[in-house]
Amino acid sequence: VVAGIFSQEAAAGVRIQYGGSVKPDNISALMDQPDIDGALVGGASLDAKSFAGIVKF
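Heads up: the sequence shown begins at 76 in our numbering, then just goes up one per residue.
And the structure:
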């Protein structure tokens, strides 16, 4: 979509942050996706153990 509106160069520079449900048990699968560059952690960040599991993936 970005390449179609702007350019392939612009699209290559876009970083995608996943903002859905991020948990220690799904972070690896999410980060394995080729177009996901990071995650916006919500509720899981309120629990230190859960957040640590995400950060250490």
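Just so it is clear, CB atoms sit at the ideal spot from N, CA and C, and this is done for glycine as well. Because the structure is a prediction, the values reported are computed rather than measured.
Review point. So does the segment 83-96 actually touch the segment 110-124, counting three or more Cβ pairs closer than 8 angstroms?
Key: yes
Exercise for review: Could you name the residues that DSSP lists as bridge partners for Gln92?
Suggested key: The residue given as residue 92 occupies position 17 in the sequence shown. DSSP lists Gly113 as partners of Gln92.
Review point. Going by Cα to Cα distance, which pick from Gly79, Ala87 and Ser103 is closest to Ile129?
Key: As a first step, residue 129 must be located in the sequence shown, where it is residue number 54. Among Gly79, Ala87 and Ser103, the Cα nearest to that of Ile129 is on Ser103.
Check your understanding: From Glu84 to Ala78, what does the alpha carbon distance come to, in whole angstroms?
Key -> As a position in the sequence shown, residue 84 is number 9, starting the count at 1. As a position in the sequence shown, residue 78 is number 3, starting the count at 1. Between Glu84 and Ala78, the C-alpha separation is close to 7 angstroms.
Check your understanding: From Pro99 to Pro109, what does the alpha carbon distance come to, in whole angstroms?
Key -> Locating residue 99 in the sequence shown gives position 24, where the first residue counts as 1. Locating residue 109 in the sequence shown gives position 34, where the first residue counts as 1. In a straight line, the C-alpha of Pro99 is about 19 angstroms away from that of Pro109.
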